[in-house]
Amino acid sequence: MQTLVIGGSRGIGWELAKLYAAAGDMVIVTGRKAPDEPSATIAFRELDLSPADWSTKLSALLKDTGQVDRLVYAPGYYQEGTVTDLSKAEILDMIQVCGIGFTRLCHACHVKLTSRLAQSRAYRVPEHL
Ligand SMILES: NC(=O)c1ccc[n+]([C@@H]2O[C@H](COP(=O)([O-])OP(=O)(O)OC[C@H]3O[C@@H](n4cnc5c(N)ncnc54)[C@H](OP(=O)(O)O)[C@@H]3O)[C@@H](O)[C@H]2O)c1
């Protein structure tokens, strides 16, 4: 089994990555910075989802990756306070990472997914998003 955890370099994604690795999966995690905890069984690939055009890096990652049996999307950040505490830039960053990022990943990744159900239910979105 090959598991790809987007936003898996720390937090919930990293904890899931460790569980899947312990179960015998080949695991790749992504993030902007490498995980703080070293791991011999989990590979890290840098992928920053904030810039508008990160699809080139994603394409390179998927090219190297081969099939994806399990796909986890866990990037983002826990925001203290309420929505009124957020600046416009923070709101746009969150939408980019958690919303558009997820949709674009499904679009780019669905042909790599081994599950037919996942393939048939993956989103198709216009390239300009
Ligand atoms: N923790 C909770 O109790 C909780 C509850 C409900 C929902 N959530 C949601 O679950 C998600 C993950 O939460 P968490 O607590 O695991 O957060 P976390 O510990 O901060 O981990 C977030 C992960 O996303 C990556 N990431 C953040 N911004 C990124 C960006 N711009 N581009 C690429 N990767 C990025 C981080 O790596 P880098 O920093 O290296 O990029 C890290 O791997 C968030 O969306 C959060 O709102 C969390």
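FYI, the numbering for the sequence shown is 2 to 130, going by the numbering used here. Here a beta-carbon is modelled for each residue, glycine too, at the ideal position from N, C-alpha and C. Note that this is a predicted model, so its numbers are computed, not measured.
So, helix, strand or coil for residue i, using DSSP?
i       : result
Gly-102 : helix
Glu-81  : coil
Ala-23  : helix
Gly-32  : strand
Leu-130 : The predicted position of Leu-130 is uncertain, since its pLDDT is 38 and thus under 50; a value taken from the coordinates is nonetheless stated next. Reduced to three states, the DSSP call for Leu-130 is coil.
Ala-44  : strand
Considering only residues of the same chain and omitting the five flanking positions on each side of residue i, which have a CB-CB separation below 7 angstroms?
i      : result
Trp-15 : Gly-9, Val-30 and Pro-36
Ser-51 : Asp-94, Gln-97 and Val-98
Arg-33 : Glu-47 and Asp-49
Glu-81 : none
Taking all protein chains shown into account, decide if residue i is buried (16 or more other Cβ within 10 angstroms of its Cβ) or exposed.
i      : result
Asp-26 : buried
Ala-75 : buried
Val-28 : buried
Tyr-78 : exposed
Ala-22 : buried
Ile-7  : buried
Give every residue of the same chain whose Cβ lies closer than 8 angstroms to the Cβ of residue i, excluding the five residues on either side of it in the sequence, and list them in chain order.
i       : result
Ala-90  : none
Ala-109 : Ser-56, Leu-59, Ser-60 and Leu-63
Do residue j and residue i come within 8 angstroms of each other at the CB atom, strictly closer than that value?
i      : j      : result
Ala-24 : Ile-43 : no
Leu-5  : Thr-66 : yes
Quiz item: What residues does ligand 1 have around it, judged by CB closer than 6 angstroms to any heavy atom, in chain order?
Solution: Matched residues: Gly-8, Gly-9, Ser-10, Arg-11, Gly-12, Ile-13, Gly-14, Gly-32, Arg-33, Lys-34, Leu-48, Asp-49, Leu-50, Ser-51, Ala-75, Pro-76, Gly-77, Tyr-78, Tyr-79, Val-98 and Cys-99.
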